[in-house]
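Engineer:
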Amino acid sequence: MAISKWDVSVNGKNHTIEIKRGFGALKVVVDGQIEKVRSQNFWIMLLDREIRIEDKVLNLVMIGSKADLAVDGVYLGSGEKYVPVGKTPAWAWVMTALMLILGYFFSGIIGLLIGLLGSTLCISRSLRADGKNTLPICIGITIGCIAVQAAIMFLVVALVY
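Numbering (this note's numbering), first residue to last: 113 to 273.
If you want it as structure tokens, here you go:
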């Protein structure tokens, strides 16, 4: 079952490009030829793959569960201009570590799960391709997560003592 599928025409010939789930990796299928690909990011699915068909360069981009194909520098799904996906900023990894470590120490496994959710949101927001500054959003997510984790800690302490 394909996650996403596109039919594109290059020099009058129709070509099919699709992304399928595989065991431990995704499969990019171009006209029946299968290529396994892995995420460029440890935390979430991140893929920016160049596909050459004849003399055209297509860019297959997947962030999280959203995938789109750029032809001639324009995404087919959104119509926006293609911008290469960058690396995850260092500050996003610092906030991820902060949410996970403090979450575990504040409220155990529940805090760790809340930190995991916040970390996933922070990293996915930090990968915006439109060039907007996402640091304030990630700071807000981090503060919100830590506040919820601390509230759980105080609630448990109040109930126990």
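Using N, Cα and C, we set each Cβ at its ideal position, and we do this for glycine too.
Just so we're clear, the structure is a prediction, and the values are computed from it rather than from any experiment.
Does the distance from the CB of I253 to the CB of L239 come in under 8 Å?
Structural biologist: No, they are not a contact pair.
Engineer: I'd like the ranges of any beta strand (DSSP E) spanning at least 3 consecutive residues and lying wholly in the stretch 128–166.
Structural biologist: Whole beta strand (DSSP E) segments, 3+ residues: 138–142, 145–149 and 158–165.
Engineer: Which runs of the alpha helix (DSSP H) fall wholly inside the stretch 176–247 and span at least 4 residues, in chain order?
Structural biologist: Qualifying alpha helix (DSSP H) stretches, in chain order: 202–238.
Engineer: In angstroms, rounded to a whole number, what distance separates the CA positions of A179 and S116?
Structural biologist: One C-alpha to the other measures close to 7 Å.
Engineer: Pull up the distance between the alpha-carbon of S177 and that of M157, whole angstroms please.
Structural biologist: For S177 and M157, the distance between alpha carbons rounds to 7 Å.
Engineer: Assess contact between the stretch 252–266 and the stretch 209–225, defined as three or more Cβ pairs (one per stretch) separated by less than 8 Å. Is contact present?
Structural biologist: Enough Cβ pairs lie closer than 8 Å, so yes.
Engineer: Give me the residue from V272, M211 and N245 with the minimum Cα distance to G230.
Structural biologist: Ranking V272, M211 and N245 by Cα distance to G230 puts M211 first.
Engineer: Please state whether the Cβ-Cβ distance between V183 and K193 is less than 8 Å.
Structural biologist: Contact: no.
Engineer: Taking buried to mean at least 16 other C-beta atoms within 10 Å of its own C-beta, is A204 buried or exposed?
Structural biologist: By the 10 Å Cβ count, A204 comes out buried.
Engineer: For M174, which residues does DSSP report across the bridge?
Structural biologist: M174 is bridged to L159 and A179.
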